[in-house]
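Residue numbers (this note's numbering): 141 to 224. Virtual Cβ for every residue (Gly too), placed ideally from N, Cα, C. A short write-up of the structure that comes next.
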Amino acid sequence: DHTGRYRGHASALVRPGTTDEVAAVLRACRDAGVSVTVQGGRTSLVAGTVPEHDDVLLSTERLRDIDEVDVAERRVRVGAGVTL
């Protein structure tokens with residue numbers, strides 16, 4: 141976490157750039173019986189994104205697509221790595 145109070149250890153860091161890559165990583169981890177910790181902005185104050193048990197750390201920071209903007213409905217569809 142960003143406070144430095146919590147520490148973990150990841151066996152790997154993956155930074156997929158597409159949803160297809162995310163799916164492939166999750167399939168591979170499932171097939172290998174490996175746990176995954178998803179990490180977004182790393183602003184958690186409760187260690188929600190700190191990996192345990194040598195998890196694979198899946199960062200969403202490269203998922204920055206802005207797909208749809210609906211001005212009338214005041215909605216936007218964005219990737220998990222987009223900062224609002």
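Secondary structure of residue i, DSSP reduced to three states
i	result
residue 220	coil
residue 197	strand
residue 203	coil
residue 155	coil
residue 162	helix
Close-in-space but distant-in-sequence residues of the same chain around residue i (CB under 6 Å, 5 per side omitted)
i	result
residue 206	218
residue 209	216
Residue i versus residue j - alpha carbon distance
i	j	result
residue 150	residue 222	23 Å
residue 168	residue 176	11 Å
residue 190	residue 148	5 Å
residue 164	residue 198	12 Å
Cut-off 7 Å between Cβ atoms - residues of its own chain near residue i, not counting five sequence neighbours on either side
i	result
residue 171	none
residue 220	180, 200, 203
Does the pairing of the region 199-216 with the region 154-162 give three or more beta-carbon distances under 8 Å? Touching, per the Cβ criterion.
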